[in-house]
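What follows is a single structure, written as C-alpha cells, with notes after it.
Residue numbers (the UniProt record's numbering): 1 to 1262.
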C-alpha cells in the first residue's frame, strides 16, 4: 500500500460515508471529544526542534500537538505520512506501527479513519527523518473533529467566489491567505504601538450616529427600536475625534470600522477599517514627517528592507519595486498641473478662464467629463490623469486648491490653496491629511452652503445659471449653437441673470425645457422662452424646432407648472402628487393640455383592517412618471423607467390625507415596488419595502390578486413607527399574557396583557385585559381566527388617537372574542360593554354594567359573581329586570379553549365552546364525543329556534308551549335532535342559508317569517337541523335589522326591542300581543315595508379625497403670486448687483467669459463656480452640451464634503486648538504590504453579492 491514500470521488458519497462513520463513533461516545491537551503549538515546535540533525530523535521527550491534516500518504500498512497544519505552519507526522501504543486502538483502523481535513491530536516524540524533515513520531493519534466534506484536489482553491464566500475553506487550503491576514494583523499591531509610544491615546467613537457625517458618502441606515429612531452607520470618525481634542486631549487615534453604502471594486469594500489620528498644535508639515516615519519603519518591520515588490496589475503583471525610504517626494498640486497642461493658472483656480482650460484639456485627453462638471471635479479628473496615475514611489501631493478642500485650513503663504496633502503609491491613495479648519463661523457657513439644494418653489428640475460675479448686466446674444436662435431676431439687453432648465431625470442634458431671462429691474422683468418638439402645434406651419419661442411672462402660472408642462411635452413624463393625485394641471401647451392622473375606482378596504387602498392611473398610458412628490417636495426614490399600470395609495383613518404606503405597479408584468413613510408627518421621507416582504402582500394569479394579511401587518408596522398601536385580540395573544407590539418595536412592549378573574374563584370567569402604555396612540383592533384569517373589530365611537391609554377587557366564545369592555382616557364616552354584529362593527350594550372588571374587583363591597350575573342578564335578558333563572351565573362553556370561564374545570370536551344553555337555545349536551353527558351550563344564548304551529318540530306538538307558534316560541328540541345537531352543523352550507334569507328579505312580508317558512318546507330531520343551524343567524340578523333612531330593532317575534335586549319568547306573559298571518306566524307592520338591503351587511363607506371643482384654474393674485403655489418671481440667487455696468457677450463682440461666471444650480442653489464659455453666442447649448452632468449631485468635488452636524458646530464654538488630522485605510495599506491588488484578499469576510443558497460542498477548483 504505497502512495497517497484513495478516497471516494463523488463528494455526495463521501459526505454520507463520513456521517455513517461518525454515527458509529457517537454510539461508542468517542465522537467530538471535549478537550485535547497540547504541550505546544506547531509554530513553537518547529522553532524548538528545527536544529535537530537528519535522523536524530529525542524519545525522552513527550509532546502533544494538534492541527488539521492536509496530506495523507503511506509506504505500507505499517508506515503512514501525514502533514499537520495550523496557522500556516506545517509539520510532518511520521506514523510508524512500531511506535504505536496498541492500548489506544488498532493502528490501521485509526489511521484508515483519518481523512484530509480532519483535526487530529498526536502524542509522541520529536525528531527528523533520514531525509532531514522535521517530524513528530506519534505513539497515539486521536481524531478530535472530522471534516465531513472532501477537500478540493491538490490542496489548491482557485475560484475566487468560493474563496471569498467560504473564507474558512480558503484558509484551510491556501497558506498564502493566512500569510496575508497575519500581515494585516501585524500592521494594526504596529500602528497601535507606534502611536501609543508617541503619546497618543487610543479612543473609541460611536459606530451609530444620528447624522451621517465625516465624509461625502452614502451611509448605511439602521433603526433603534427603543428610541424609534433611524441611525447611520458611521462613514468616518473625524468629527467625534475632533470633539475629543476640543475636550482637552492633545493626541488621539482610533482604529476601527467604517461603512459606506457605495460601490464594490478591487479597491473599495462597503465595510472597511481605517486609522485616523488628530494632533493638537501640529500642522500638515508635522503630519508628513510622522507619516514618513510610520510607513518607513512599518515596511522595514514587515520585510526587513525598505524596498518591496508590488504587482499593480496582479501577480501575472509586471513587477515594480517600491522604495519606502524616507523622505518621500513632495509635489505641488498646482505647480505640477501647470507643468502638465503647459499653461499658467490664475487665482482663483475655479475661475471661468481656468475652467475653460480644464474642459479643453479633458477633451483633448479623451477623458470622461465629470458629472457635474464643477471646478473641483474638473481638477480632480486632470490631477488623477496627469499626476496620481503616474506616481510609483511614495509621493505627497501638497497644497490643494481651496475649492477642492473646503474643510482644510487656508495656506498661510500661497493664495487660494489650502494646507492639505494626499499620499500616493503606485497610483493609489494611501493617506489624506490637512491642517484642520477650526473657525466655527466659517465651518457653519460651509455646512449651510452645502444644504442649499432647492430651486425656489421648484422641485424635480435643474437650472444652469449665469450672472456676472462682480454684478451688473450683460447682453444675451440671439444666436445659439446648433443653428438655434431665440425668437424675436435681436439680442437681449440689460440681462442680470439667465437660466436654462432641465428635468433632473434627463441625466445627459439632451433636452432643455425653458430659458429664463431676468432683466435689470427685478422680478417683473422675468421673461421665458420655450423649446418645443417637432410637430408641436405652437411651432406653426414652419415646424422649426430650432427656434426658441418667446412666451413673455408666466401668465400667472408658477415656474413649477411651466416646467412640468414642457417636461411632459418633451420627455413624455408627468408628476404624481400623493397628497392630491387628481388635482388638474394647468398646462397651456397643446400637447400637454388635459393630461392628468385619474381614478375611476372607489377606495377599497383591506379585509380584516381599517386600511383603505385607492388606485390611480395616468390617463395617457404612454406617459411615464417624472417624479413622486408630497407637499411640493420630491420624494427621494428611484423613478421607474417603464410605464406604470397604476399607483396605489394605502391609507389609515389615523390620517387619511397622508398615505402610509404607496405602490408603483409596472405595466410590463414586472413586480410592484412599495414605499412606506418614515417621518411622523408622513412627508418627504420614504423607504422601499424589501421584496422579501412585499412579495407576500398579494396572493393569487395576475388577474385575481388579493391582498393578504401580510399587507395589513406591514401597515401596522408603519403606524406603529409613528406611535400608533394596533391591538391584537387573537386568543393566542391573550392567553400567552405577554406584552407585545409590532415586529419592528416588539422590544418596546407597548401593549400589556393581563388576566382579570373572580378573586373568589366561584364564577370561573376570566377577562383578558389589553392596555396601551401611556404616550402611545391607539390605531385599531383586530384578531385572528384559528385558520389565521384576520378580522377587524370596530368599536362604535372609538376613534384613533395620538395619545390614548386604551384598555380592552375581552370575553372569548371558544377562541373568538364575544364581548369587549372599552376604556379610553381621551374618549371617556365610549366606556362600556360592546358586542359584535353582522359585520366588523361592534355596538354598545345598553344598560349593561358601566364598571370595568378591574373596578368591580377593586371594590370590596361588590361581589364579582353578581356583576357577572347582571352583565349576562343585560346582554341576553328581556328588559331591565332579571329573574333568577334569567340571571344565572356565568360559568364556563363546554370545553371551549379560551371560552368564558376557561380557567375553570373542564366541561366535557365540547370543541366549540357554545354559549347555549338548556333554558333557551340548544341544550347543553351537544358534545359530539359524549352525547349523553350534558356539559355544564353556559352563558344563556339567544331565544331558541321557532316552533311550527300545529306541526312537529322536535317530536312534540307545540301548540300550547309555542305561544301561538310565533318566531320567538320556546321549542323543546329532542335529545336526539340536539345530539345530531353538533355533527350536522359543521357541514351545513351557511352561505346558502344566508343567500336564501336575502332572497326572501323583501316585499311586504316580514323577511324573518319568510325564512321561517322556507325552513319549514324542508323535510323531517333535515328541517330540525337546519332550524337549529339557522337559529343564531336569525337572532343576529333580527338584532341588527331596521334599527331606528331610538336604537330599537326587530326581535324574533316581530316586535321592536331595545338594541341589546330580546324578549323571552318562552314566557307568553312577557310578550306583547302580535298580529299573525294565515300560517299563525307573527307579522310586524313596520317590517312589511322594510327593504331587503337593510338586512345585508353594508360595505364600509370610505371618504373620497377632496377634489378640485371642475374647471378649476389657478388665478394670479393681486400681488402677482399664484393661488396654487406661493411663488415669488424675485431673482433666483443671482448674487449680482445693479451697478449699471453693461457688457455684451457674444462672438461678434469678441468678449470672452472672463467677465462672468457660470453657476451650477442643482435644484436651484449655487454649488460652485463653473467654466465660462468663450462667448455666449452659443450660451444655451454650451450649457447643456459642455456641462452635462449629474443634476442632483450635492458633491462639491471634495472627498471630505459632508452634511451638517449641529453638535459638532456647537462643540467647535468652544474652541478647537490648531490641529492637524490624518486618515489611512488599513485594508488598502495591507494590499501594498502583502502585494495584492484586490481588497477582498486582505479582508477576512469581504462583502459579496448574496447567493440563493449556501454551498453544501466546495466545487472542484480544477
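Even glycine gets a Cβ: it sits at the ideal position worked out from N, Cα and C.
Note that the coordinates shown come from a computational prediction; the quantities given were computed from them, not determined experimentally.
Sequence-distant residues of its chain with Cβ nearer than 6 Å to residue i (five each side left out)
i, result
"residue 801", "777, 778, 826"
"residue 783", "729, 730, 791, 817"
"residue 199", "251"
"residue 243", "1211"
"residue 71", "83"
"residue 672", "663, 665"
"residue 150", "11, 14"
"residue 499", "463, 465, 516"
One or two residues paired with residue i in a DSSP bridge
i, result
"residue 323", "307"
"residue 1243", "Answer by DSSP bridge pairing: none, since residue 1243 is not bridged."
"residue 19", "Its beta-bridge partners do not exist; DSSP assigns none."
"residue 418", "410"
"residue 80", "74, 95"
"residue 1220", "279, 435"
"residue 833", "821"
"residue 749", "DSSP lists no partner for residue 749."
"residue 424", "395, 429"
"residue 120", "67, 143"
Residue i, buried or exposed, once every other Cβ within 10 Å from all chains shown has been counted against 16
i, result
"residue 734", "buried"
"residue 176", "exposed"
"residue 571", "buried"
"residue 629", "buried"
"residue 688", "exposed"
"residue 1248", "exposed"
"residue 102", "exposed"
"residue 972", "In this prediction, residue 972 has a pLDDT of 33, which is less than 50 and means its spatial position is unreliable; what the coordinates show is noted afterwards. By the 10 Å Cβ count, residue 972 comes out buried."
"residue 443", "buried"
Span of the beta strand (DSSP E) around residue i
i, result
"residue 92", "89-96"
"residue 176", "First-last for residue 176: 175-197, but that is the alpha helix (DSSP H), not the beta strand (DSSP E)."
"residue 675", "673-677"
"residue 720", "Element bounds for residue 720: not the beta strand (DSSP E) but the alpha helix (DSSP H), 709-721."
"residue 646", "644-651"
"residue 258", "251-259"
Cβ-Cβ distance between residue i and residue j below 9 Å
i, j, result
"residue 536", "residue 569", "yes"
"residue 69", "residue 116", "yes"
"residue 743", "residue 223", "no"
"residue 513", "residue 576", "no"
"residue 262", "residue 217", "yes"
"residue 520", "residue 473", "yes"
"residue 1245", "residue 163", "no"
"residue 281", "residue 241", "no"
"residue 708", "residue 781", "no"
"residue 1265", "residue 617", "This structure cannot speak to residue 1265, because the chain is shown only from 1 to 1262."
"residue 626", "residue 573", "yes"
Boundaries (first-last residue) of the alpha helix (DSSP H) holding residue i
i, result
"residue 160", "160-165"
"residue 853", "853-858"
Cβ-based neighbour list, residue i, same chain, cut-off 8 Å, excluding 5 preceding and 5 following
i, result
"residue 546", "482, 483, 484, 485"
"residue 832", "821, 822, 844, 845, 848, 850"
"residue 294", "191, 194"
"residue 495", "473, 474, 475, 476, 517, 518, 519, 520"
Cut-off 7 Å between Cβ atoms - residues of its own chain near residue i, not counting five sequence neighbours on either side
i, result
"residue 108", "77"
"residue 538", "532, 549, 589, 590"
Contact with chain B by residue i, beta-carbon distance below 9 Å
i, result
"residue 822", "Among the protein chains of the structure shown there is no chain B, as only one such chain exists."
Proximity test, residue i beta-carbon vs the ligand NAP heavy atom, cut-off 8 Å
i, result
"residue 296", "Because no ligand of any kind appears in the structure shown, any question about the ligand NAP cannot be addressed here."
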